[in-house]
Amino acid sequence: MTASSPRPTRAQQRRQSEERILAAARHIFAELGYDRTTIRAVASAAGVDPGLVMHYFGSKDLLFARAVEVPADELPAGTPGEVAEALLTSLGRRLTGEPAASLAVLRSMLTNADAADRYRAAGESQLNRLTEAIPTPDADLRASLLSAIIHGVIAERYLLRLTHLADASPERIIDLLRPCVQSLTTPPPTSVQP
1 MTASSPRPTR AQQRRQSEER ILAAARHIFA ELGYDRTTIR AVASAAGVDP GLVMHYFGSK
61 DLLFARAVEV PADELPAGTP GEVAEALLTS LGRRLTGEPA ASLAVLRSML TNADAADRYR
121 AAGESQLNRL TEAIPTPDAD LRASLLSAII HGVIAERYLL RLTHLADASP ERIIDLLRPC
181 VQSLTTPPPT SVQP
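Quick note on the UniProt record's numbering: the sequence shown kicks off at 1 and runs consecutively.
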C-alpha cells in the first residue's frame with residue numbers, strides 16, 4: 001500500500017485557485033485586452049465559477065491590477081552594471097516565454113484609458129526605483145528610455161510582429177541591446193581638464 005500525500009489545506013487550495021485564475025486572466029487580458037475580457041471568460045479558462053473570481057478579486061479592475069503586478073524581484077537595484085544586467089535578464093525571460101502579464105498591460109493600455117491609468121500608477125514605483133539606481137543628473141530620462149525600449153521590444157515581438165525581432169533568438173536580442181542598456185544605466189566618463 002502506498003502512502004497518499006496529504007490533502008492540501010484550505011489556504012493552499014485558495015492560493016492554487018487564485019494562481020489559476022491569475023494565470024487565466026493574464027492570458028485573456030493579453031489576448032483580448034481589458035475591454036473585451038470578461039469575468040466569465042477568465043473563470044471558464046481557470047475552471048472555476050465566475051462567483052469565485054469575484055469572491056477572490058472583487059471586480060474586473062482589481063483582477064486586472066493583480067494580474068499585471070510586477071514581481072518585486074524584477075525591480076532593478078544595485079550598481080549601474082547590476083541594474084543593466086537585471087533589466088536584460090528580466091527582458092530575456094520575457095523573450096523566452098510569452099510574457100502574458102506584459103502583453104495584458106500593453107494591449108489593455110492601448111484600448112482602455114482606465115487600464116492605462118492603472119498601469120501608470122503601478123509602473124511608477126518601478127520607474128522611480130530604476131531612476132534612483134542610475135547615478136546621473138538625467139536619470140529620469142534614462143529610466144524612461146529604458147522603459148520605452150523594453151516595452152517596444154515586447155510589443156514588436158509579440159503584438160506587432162512586423163520585423164525580424166519576432167523570430168530572433170532572445171540571446172541575440174539581449175547581446176545587441178546590452179551596450180545600449182549599459183550606456184543608459186552608467187554615468188558618462190568625466191573628462192579631465194589639463
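Every residue gets a Cβ at the ideal spot worked out from N, C-alpha and C, and that includes glycine.
Continuous alpha helix (DSSP H) stretch holding residue i: start and end
i	result
residue 154	139 to 154
residue 20	10 to 36
residue 185	170 to 185
residue 102	100 to 111
residue 40	39 to 46
C-beta contact flag for residue i and residue j at 8 Å
i	j	result
residue 84	residue 13	no
residue 87	residue 153	no
residue 130	residue 146	yes
residue 46	residue 20	yes
residue 30	residue 100	yes
residue 62	residue 17	no
residue 186	residue 50	no
residue 157	residue 148	no
Nearest-angstrom Cβ-Cβ length linking residue i and residue j, presumed shorter than 8 Å
i	j	result
residue 65	residue 42	That belief does not hold up - the Cβ atoms of residue 65 and residue 42 are roughly 14 Å apart, past 8 Å.
residue 48	residue 104	With 8 Å as the limit, residue 48 and residue 104 do not qualify as a contact, their Cβ atoms being about 19 Å apart.
residue 33	residue 107	4 Å
residue 175	residue 111	The pair is not a contact, with the Cβ atoms about 33 Å apart (cut-off 8 Å).
CB contact check: residue i to chain C, cutoff 8 Å
i	result
residue 30	No chain C appears in the structure shown, which is made up of a single protein chain.
Could you give the uninterrupted runs of the alpha helix (DSSP H) lying entirely in the segment 49 to 98, keeping only those of 4 residues or more?
-> The segment 49 to 98 contains these whole alpha helix (DSSP H) runs: 50 to 57, 60 to 67, 80 to 96.
Could you tell me whether the segment 162 to 176 touches the segment 117 to 129, using the rule of 3 or more Cβ pairs below 8 Å?
-> Using a C-beta cut-off of 8 Å, the segment 162 to 176 makes no contact with the segment 117 to 129, since fewer than three inter-stretch Cβ pairs fall below that distance.
Answer yes if the segment 88 to 97 comes into contact with the segment 26 to 45, meaning at least three C-beta pairs across the two stretches below 8 Å, and no otherwise.
-> In the pairwise beta carbon analysis, the segment 26 to 45 is classified as not touching the segment 88 to 97: fewer than three pairs are separated by under 8 Å.
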